[in-house]
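In the numbering used here, the protein residues as written are 898 to 1169. For reference, the structure is listed below as structure tokens.
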């Protein structure tokens, strides 16, 4: 991998397709019950919830190379269509955040919630089906399934199962290089759900609802972040921990992954 972002990593789901669009590696999550929350979390108490539909989620967080395709596209980042109805300022919409570590197979960081939503709208338009941020309920189902584990990989913490402060890397790492930390519950293990970058969710932190049709996309409310980043403590990389951020913030440890319902055609921007 070259420092200017050029890719030597040809893993599925890391780079771009031949047509220049992100090469997404989708993993199917079937409908059904899952364990959410923990007795130690006041704002995420233990309960059994059910998601009544299949969805797909990306194997990895969106990488630097994949988000850069959105920035570089003629109809990409600066197209006002993707920002319709969002509370982002004109200054915010004019210029993306500058990635600190410009390696194509690292997760894209310094991405605001608004930036991530705009990316989803752009990708949806090109793929022909609805791509969006996960709700925090979808995210926690992916990370924990029915297990009740505190971490995606098990009940106990292990330093070398994800990129966090005790790992000692001191920055983002290439996606998927901690396979022992993958969530093993699905047809394909899902990577980087504990550490590397915080991952934006669609959900309003103070008003968490699972119905994407009722999510107020015009609001400037703080949004949920999940998974914890390379810079944080073990408490924050737990699968039950609810982080949050102002939707304008472009931090060097904020990134995202996306979900889709392939059977669902694009409905307009209300559900993105």
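Glycine included, C-beta positions come from ideal geometry on N, C-alpha and C.
Simplified DSSP assignment, three categories, for residue 1068: In this structure, residue 1068 counts as coil in the three-state DSSP scheme.
Where the beta strand (DSSP E) containing residue 931 begins and where it ends: Residue 931 -> beta strand (DSSP E) spans 929–933.
request  = Reducing DSSP to helix, strand and coil, say where residue 965 ends up.
outcome  = In the three-state scheme derived from DSSP, where H, G and I count as helix and E and B as strand, residue 965 is classed as helix.
Fill in: Classification of residue 987 by the beta-carbon crowding that lies within 10 angstroms, buried from 16 upward
That one is exposed.
field: Rounded straight-line distance, which links the Cα of residue 960 to that of residue 949
entry: Cα to Cα, residue 949 sits roughly 29 Å from residue 960.
Problem - From 1003, 957, 963, 1038, residue whose alpha carbon lies closest to that of residue 928 - result: Nearest C-alpha to residue 928 among 1003, 957, 963, 1038: 1038.
Q.
Please tell me whether, using a cut-off of 7 Å, the distance from the CB of residue 1040 to the nearest non-hydrogen atom of the ligand HEM is below it.
A. Inclusion of the ligand HEM in the displayed structure is not the case, the ligand content being empty and no account of it being possible.
With a cut-off of 8 Å, do at least 3 Cβ pairs link the region 1113–1120 to the region 1080–1092?
-> No, they do not touch.
Please list the terminal residues of the continuous alpha helix (DSSP H) segment that includes residue 1014. Per DSSP, residue 1014 belongs to the alpha helix (DSSP H) from 1010–1024.
**Item:** Meets three-Cβ-pair contact criterion under 8 Å: the region 1121–1128 and the region 1061–1074
**Value:** Yes, the region 1121–1128 is in contact with the region 1061–1074.
Inset, instruction - Confirm, please, whether the CB-CB distance from residue 1030 to residue 1008 is below 8 Å. - result: Contact: no.
- Message: I need the straight-line Cα distance from residue 1107 to residue 1036, nearest angstrom please.
- Response: Going from the Cα of residue 1107 to the Cα of residue 1036 covers about 11 Å.
Item to check | Length of the line joining the Cα atoms of residue 1123 and residue 1098 | outcome: Approximately 7 Å between the Cα atoms of the pair.
### Query
From what residue to what residue does the beta strand (DSSP E) around residue 1039 run?
Element bounds for residue 1039: not the beta strand (DSSP E) but the alpha helix (DSSP H), 1033–1041.
Query raised in the report: Exposed or buried, which one is residue 1025 when buried takes at least 16 other CB atoms within 10 Å?
Result: Looking at its Cβ environment, which holds fewer than 16 other Cβ atoms inside 10 Å, residue 1025 is exposed.
Rounded to a whole number of angstroms, what is the C-alpha to C-alpha distance between residue 1171 and residue 905?
-> This structure does not reach residue 1171, given that the chain is present from 898 up to 1169, and the question cannot be answered.
Please return the same chain residues whose Cβ sits closer than 6 Å to the Cβ of residue 964, not counting the five positions on each side in sequence. Within the same chain, residue 964 has close Cβ partners 1005.
Legend entry - C-beta atoms of residue 922 and residue 913 nearer than 8 Å: No, the Cβ-Cβ distance between residue 922 and residue 913 is not below 8 Å.
Which residue or residues does DSSP assign as beta-bridge partners of residue 1140? According to DSSP, residue 1140 bridges with 1122.
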